[in-house]
Each structure stands twice: as structure tokens, then as C-alpha cells.
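Listed below in C-alpha cells is the structure:
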């Protein structure tokens, strides 16, 4: 039996094509995933991301624990409401998951982790807490739903749709969040997303999600499924956990060295392993320059210095061409031409540095 | 799901139309285009190629996935729809107008062995 979000009936009623995504029955599109993609790049779209897991870490010393548990450094979070992207690592330096952490108060941090890894992550973090005999409490917030409203017009359309949201969020900088004071129940607005566009992720009591969804639709926000979410994040050069990285690779081989703070004196899980590692591989972008198909995960890539493999590939609606993330030998450089095996042929692709497109614009040609 | 009465079908979601000159036109069904989603790449067989029934002879790729199109009957490819690779979305918009190729069947009348509309509709749970 697949799990259902609080918006499941709304998706069904809208005629969405549903798929099993990590054990959840989720909309892949509502008609055309390419049209939904363009709506987000050019106007505003919304995604039901209630399958992702919100978990609140409460108690004295929460920051100190996260300093140890996360690869990125929560000391970068100085003002309440600020958010940080980080990997959760195993001691051997490989990636357990990626997440966003919000600093709300010194005794309250909010984590948002991936759906398919949520149970594993919660168990892992509780294990670390137990090891340290910590009194901190980690509470999964399965009472909350989450709607991502994304696109250049997403913010103004959310303000139309949700009373009190403009006053609460108009001053928010990217990667920061705030609650709506006096809202019925707990409504939390974060200026974050997974599309390479401006917008918000709204967390709110599950029972209020259908009303907000309908109000957003009335304000002109187009429902978009996981199909468009995948092409948008890939254009934006963002990794998908389980596809571009997992417990077999380190963040240094996954384009995420910028999120690993090896410079500070603090110790964190995985640090010792990463300090001695010289990565032999890198995660980098490919742009298909030959006609003859679409780049896809698991296609083999031949380079002048060895072989690699595509981890995510698709047709980019913004570029009108096929793009991919690929794990290639570390010596491969931007601008190199490589060969990708597609069916019985080898097609040429150019190595590019992601992102491919953000903020409505193509960034590679 | 749209399953026109006058066409024949395969279990692998091709539609087949008998033309007046003895050839058959082949495309993908409305059910197939809907399942694949937005099409972005189509590869057609070479004119003159001889194909066996069930042989993979064209490729359709959507944003989501790549898929083969199989020859519904043995025969020779006598024409291809050259407009289609440049506008694969035509197969989403009107699956039964967007023909892929025409076959000269090696066995006349072989089309009668394919699924009729009722049988195909039943096979996709749409009877």
C-alpha cells in the first residue's frame, strides 16, 4: 500500500498521472510535464512535497550537536530563520542523505530530509544522540504538509493566496524562513526550493494543505508534478539523492565540496575520512551535441582519461537539448568532448559546469 | 482512452491502419503516448529496410524514458513520416494522425491477425 500525502485526493481529482515514488503515490504530471516545467521557469508552479520529512530538533545544545552531525557548518547560521544545505555523512565520508537545516532558536532547529531516506536518517540521528547521551529530542513532524511554490511570480502569488504571508515573508532573503504570527496552527514559509527559481516552500498543518492548494491555483499557480521537478532541478544542477549520490560516494565526488567545511577546527562525522581522500572522480555536467537520443542515467561515458557513467539525464525543456550529470574521472575538464553510448551508437557530448539554467535563463549554449 | 474502431493494434501499443494501396501505416496508440508523456525524440527506420514481425524498428523517447516501437507485421518499410522527428509532440497531440512508417506486408491479409479495437481496449483495462 503506497503512502498518500494530504493532497492525494486533490491530485486524483485533477487527473494527475500518479507514480510510486519512494513508496509514496505521487503525481508525475497533470497533463504535460514540459508545460509544467515552463510554467515554473516563466511564471509560477506548485509541487506537493509533503512526502519529504520535516523533523524538529529541540533542546539546549542543538547547535553543538548539529556541528558534529552535519558536514556543513551550522555556525554559518547566525540570524534566526537562516537555512543551510548540508550532507549527512557516514564515518567513512559517504553520503547518507542531503538536507536543509533551519536555525529557528538555539534550542530549536528544523531539518527537512528526503522522503525515501527519512526513516534511515531519523534512526541515524537518534543513534548519534544516544552515543553522546544527549537529551535533545528529534521529532518527525508528520502532522505537517509541504507545498513548494516556485517561479518568478511565485512569491506574489503566494501572498495573494495566503493571508498574512506577505507581512511574514516579504523581507525574507533567499535561504531564510519565518512563521506567520497568529496563523491558525503553525505555518512556516521558507525562501528555498529545488528548481533554480525564486519561490517559497510552505510547511503547514496537513489539514490546511488542500485549501492552500486551491487558493494558489485560483491565484494562477500551476500544479506541477515530479516530472517537471526532476527536469527543473537537473537544469539547476542540483543532485537527486539515490541517483546522483548515495552511500557509495563522498560529497567530494558529487559536486558538493562547497558544502563540506573542512577548514574549521570542529570535528564532524566523516571529516577524518574526507581529509585524507583525494577524489578520483567528479560529478559534472554534459550537454549532448550530437542528434540521436536523450542522455539517461547509467549510460556509459568514454573520455580521453577513462570511463564514467551518467547519473541523471534528461531532455532539457529550457535548452531544447539533452543534458546530464555524470560521474567522470577527476582529470576531465570543462569543454572536453566525451562519447556517450546510446543504443548502438556513441554520441558526442561536451563537458560543462552546471547549472544549465536558472532564473528563467539558459546558462550554457 | 481513445481506441478507434477501424484500426488494428498490437499488445506492444502500436496501431496499424490498412491503406487502399495494400500498405499498412503504423504509429503508437493514445494509451502509449499518454504513458510515455511528452515525446522529445523519434527515430524512424530506413526506407527499404525489411523487418520481421515484432522486430524493434523505431525509437520513441519522452522526457521520462526511451522505448522501442516494434514492427506489427513482417514486410518492407516503403515510407516514413519525415515530419515527425522534427516535431515529436505531434504523437502526443494526435496519436492516430502521427504515423511513423508504412509497411508493404510480406503476407497479404496478415493485419487480420492483429488485435481489434475491443481486444486492445480490454488489454489496456479500458473495455
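Protein chains in written order, with this note's numbering: chain A, 1 to 365; chain B, 1001 to 1127.
Ideal Cβ positions, reconstructed from N, Cα and C, are used throughout, including at glycine.
Please read all numbers here as calculations on a predicted model, not as lab measurements.
Range of the contiguous beta strand (DSSP E) that encloses residue i
{"i": "residue 97 of chain A", "result": "95-105"}
{"i": "residue 24 of chain A", "result": "24-29"}
{"i": "residue 345 of chain A", "result": "345-352"}
{"i": "residue 321 of chain A", "result": "321-329"}
{"i": "residue 1040 of chain B", "result": "1039-1043"}
{"i": "residue 309 of chain A", "result": "306-316"}
{"i": "residue 1123 of chain B", "result": "No beta strand (DSSP E) holds residue 1123 of chain B; the alpha helix (DSSP H) holding it covers 1117-1123."}
{"i": "residue 1080 of chain B", "result": "1075-1080"}
{"i": "residue 338 of chain A", "result": "337-342"}
{"i": "residue 137 of chain A", "result": "137-140"}
{"i": "residue 302 of chain A", "result": "300-303"}
{"i": "residue 1049 of chain B", "result": "First-last for residue 1049 of chain B: undefined, no H or E at that position."}
{"i": "residue 1059 of chain B", "result": "1056-1062"}
{"i": "residue 1003 of chain B", "result": "Per DSSP, residue 1003 of chain B belongs to no beta strand (DSSP E) and is neither H nor E."}
{"i": "residue 1104 of chain B", "result": "1101-1105"}
{"i": "residue 4 of chain A", "result": "Note, residue 4 of chain A: premise wrong, no beta strand (DSSP E); not H, not E."}
{"i": "residue 1070 of chain B", "result": "1066-1070"}
Buried versus exposed, by CB contacts within 10 Å (16 or more), residue i
{"i": "residue 1002 of chain B", "result": "exposed"}
{"i": "residue 258 of chain A", "result": "exposed"}
{"i": "residue 238 of chain A", "result": "buried"}
{"i": "residue 1 of chain A", "result": "exposed"}
{"i": "residue 157 of chain A", "result": "buried"}
{"i": "residue 1105 of chain B", "result": "buried"}
{"i": "residue 248 of chain A", "result": "exposed"}
{"i": "residue 167 of chain A", "result": "exposed"}
{"i": "residue 92 of chain A", "result": "exposed"}
{"i": "residue 365 of chain A", "result": "exposed"}
{"i": "residue 1033 of chain B", "result": "buried"}
{"i": "residue 266 of chain A", "result": "exposed"}
{"i": "residue 1093 of chain B", "result": "exposed"}
{"i": "residue 252 of chain A", "result": "buried"}
{"i": "residue 7 of chain A", "result": "buried"}
{"i": "residue 227 of chain A", "result": "buried"}
{"i": "residue 202 of chain A", "result": "buried"}
Residue i: contacting residues in chain A (beta-carbon distance under 7 Å)
{"i": "residue 1038 of chain B", "result": "32, 33, 34"}
Partner residues on chain B for residue i, Cβ-Cβ distance less than 7 Å
{"i": "residue 227 of chain A", "result": "1037, 1063, 1064"}
{"i": "residue 294 of chain A", "result": "1040, 1041, 1061, 1066"}
{"i": "residue 29 of chain A", "result": "1037"}
{"i": "residue 314 of chain A", "result": "1063"}
Span of the alpha helix (DSSP H) around residue i
{"i": "residue 210 of chain A", "result": "209-218"}
{"i": "residue 64 of chain A", "result": "62-69"}
{"i": "residue 225 of chain A", "result": "Per DSSP, residue 225 of chain A belongs to no alpha helix (DSSP H) and is neither H nor E."}
{"i": "residue 157 of chain A", "result": "154-161"}
{"i": "residue 273 of chain A", "result": "271-275"}
{"i": "residue 108 of chain A", "result": "From DSSP, residue 108 of chain A is part of no alpha helix (DSSP H) but of the beta strand (DSSP E) over 108-113."}
{"i": "residue 1018 of chain B", "result": "Where residue 1018 of chain B is concerned, there is no enclosing alpha helix (DSSP H), although the beta strand (DSSP E) it sits in stretches over 1014-1018."}
{"i": "residue 1032 of chain B", "result": "1030-1036"}
{"i": "residue 36 of chain A", "result": "33-42"}
{"i": "residue 126 of chain A", "result": "118-131"}
{"i": "residue 17 of chain A", "result": "Careful: residue 17 of chain A lies outside any alpha helix (DSSP H), inside the beta strand (DSSP E) at 17-21."}
{"i": "residue 86 of chain A", "result": "No alpha helix (DSSP H) contains residue 86 of chain A, which is instead part of the beta strand (DSSP E) from 83-89."}
{"i": "residue 1093 of chain B", "result": "1090-1093"}
{"i": "residue 166 of chain A", "result": "165-169"}
{"i": "residue 9 of chain A", "result": "8-13"}
Chain B residues whose Cβ lies nearer than 9 Å to that of residue i
{"i": "residue 231 of chain A", "result": "1063"}
Any non-hydrogen atom of the ligand FMN within 7 Å of residue i CB
{"i": "residue 9 of chain A", "result": "This structure does not include the ligand FMN; it has no bound ligands of any sort."}
Given 8 Å, three or more beta-carbon pairs between the region 286-303 of chain A and the region 110-119 of chain A: no
Cβ contact (3+ pairs, closer than 8 Å) linking the region 169-177 of chain A and the region 56-66 of chain A: no
Three or more C-beta pairs below 8 Å linking the region 1072-1081 of chain B and the region 1043-1060 of chain B: yes
Cβ contact (3+ pairs, closer than 8 Å) linking the region 125-132 of chain A and the region 22-41 of chain A: no
Stretch pair the region 1019-1027 of chain B + the region 315-326 of chain A: three plus CB contacts closer than 8 Å: no
Touching by the beta-carbon criterion (3+ pairs, under 8 Å), the region 72-84 of chain A and the region 99-106 of chain A: yes
Segment contact flag, the region 225-238 of chain A with the region 356-364 of chain A, C-beta cutoff 8 Å, min 3 pairs: yes
Three-pair Cβ contact test at 8 Å for the region 204-221 of chain A versus the region 146-161 of chain A: yes
Inside the region 237-288 of chain A only - beta strand (DSSP E) runs reaching at least 3 residues: 281-288
Cβ contact (3+ pairs, closer than 8 Å) linking the region 83-100 of chain A and the region 255-269 of chain A: yes
Three or more C-beta pairs below 8 Å linking the region 1084-1091 of chain B and the region 1108-1115 of chain B: no
The region 105-114 of chain A touching the region 307-319 of chain A, judged by at least three CB pairs closer than 8 Å: no
Meets three-Cβ-pair contact criterion under 8 Å: the region 335-344 of chain A and the region 1004-1017 of chain B: no
At least 3 beta-carbon pairs within less than 8 Å: the region 1062-1072 of chain B vs the region 1115-1125 of chain B: no
Cβ pair count under 8 Å reaching 3, the region 185-202 of chain A against the region 38-50 of chain A: yes
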